[in-house]
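Here's the structure, in structure tokens; my notes come after.
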Amino acid sequence: ASQSYYGLALVVHTTNPSSEDSMEIYAEVVKGLGETLVGAYPGCALSFVCKKMDLDSPKELGYMIVCQWIRKRRYDLTVVVGWGTNKKLIISILAHRNAGQCSLIRKTYAETYGEDLLKSIKKELSSDLRAILLWIMDPAQRDAFLANEATKRWTSSNRVLMEIACTRSSHELLLARQAYHSRLKKSLKEDVAFHTTGDFRKLLVLLVSSYRYDGPEVNMILAKSEAKILRKHISEKEYSHDDFIIILTTRSKAQLNATLNHYNNEFGTAIIKDLKYESEDNFLGIELRSIV
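Just remember that my numbering sits 64 ahead of the position in the sequence shown, which is counted from 1.
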């Protein structure tokens, strides 16, 4: 039986046509009218089977259809004419899936065809497929991918590593390092150390490799002491001093905030103003102020 409700078309088979199991329902739902269901549009229908005695536990099949279609287009069309216009259809499928759905598609694709969907897409990497590649990655894989790009194309104006290191929680950064190691068979720390030099290396190696405490507890005695250390090195323009860098890159956010607040109260100015006032060089003016 087929019906259309609220712009959705659906068909329900009271006997599963694939297995001929009379105790199993097979259904498909798709956005559009009835002809959409029978028009063989790839990857459109959400299909599922369900035991008649257990209607609350349907088994979703729709993503298998998506995977089959992507694989067919990936191998058939690359040999003949490339992805061409079909690339747009693949993008339209994956770009409209949320993170959970993309994860399920990747899992189903790998289990069915023994190949990572990311690798299949990467073989045809272009600007629009790069966006899709990033979209279907989980957050840790995405950070690892972007960090690897940033290290290989390193310039002093590259902000990607700073953003990843300064905006992720300790656990998120750990997952990114693990994903980097798993995918590239080397560590993020060693790549950063190899591709950067001087003060950038000293700062970034500590940022990407530290595991900061994420809790709210602070040591006020330490905060007062380190506020004075920061003030001393800023006054003497020792911005790459080991103590200066270690405080900014390894302390928890709560501890660093306590230190910076004491700096402001003790010396009557915010540290970011002192940094900006003392120098506008690239290392200090951008990287250090990004941390604080």
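Cβ coordinates follow ideal geometry from the N, Cα and C atoms, glycine included.
Where residue i falls: helix, strand or coil (DSSP)
i, result
"Glu168", "Before going on, a small fix: residue 168 reads as Leu here, not Glu. Of the three classes helix, strand and coil, the one that applies to Leu168 here is helix, per DSSP."
"His297", "helix"
"Tyr277", "coil"
"Ser111", "strand"
"Leu74", "strand"
"Val256", "helix"
"Lys317", "helix"
"Tyr90", "strand"
"Lys288", "helix"
"Asn162", "coil"
"Asn325", "helix"
"Ile355", "helix"
"Asp85", "strand"
Buried or exposed by the 16-neighbour rule on C-beta atoms within 10 Å, applied to residue i
i, result
"Ala163", "exposed"
"Lys266", "buried"
"Glu213", "exposed"
"Arg241", "buried"
"Ile285", "exposed"
"Phe258", "exposed"
"Leu238", "exposed"
"Leu181", "buried"
"Val282", "buried"
"Asp207", "buried"
"Arg170", "buried"
"Ser83", "exposed"
Residue i: first and last residue of the uninterrupted alpha helix (DSSP H) it sits in
i, result
"Lys266", "262-273"
"Arg241", "234-248"
"Ala334", "From DSSP, Ala334 is part of no alpha helix (DSSP H); its letter is neither H nor E."
"Lys186", "181-186"
"Met226", "224-231"
"Thr215", "203-216"
Pick from the options that is closest to residue i, judged by C-alpha positions
i, options, result
"Leu271", "Ser234, Ile155, Ile157, Asn222", "Ser234"
"Arg194", "Gly178, Arg217, Leu158", "Leu158"
"Leu312", "Cys114, Glu290, Ile169, Val113", "Glu290"
"Glu300", "Thr314, Asn329, Asp338", "Asp338"
"Val256", "Ala211, Glu236, Ser316", "Ala211"
"Met117", "Glu88, Glu92, Lys123, Ile200", "Glu88"
"Arg295", "Asn325, Thr79, Val269", "Asn325"
"Lys253", "Val269, Ile196, Asp263", "Val269"
"Leu248", "Gln205, Val224, Lys171", "Gln205"
"Val113", "Ser86, Asn80, Ala334", "Asn80"
"Tyr244", "Ser111, Ser273, Pro280, Thr176", "Ser273"
"Ala287", "Gly279, Glu330, Ile298, Glu302", "Glu330"
Residue-chain proximity (residue i, chain B), Cβ-Cβ < 8 Å
i, result
"Ile336", "This model lacks chain B altogether, as it is built from one protein chain only."
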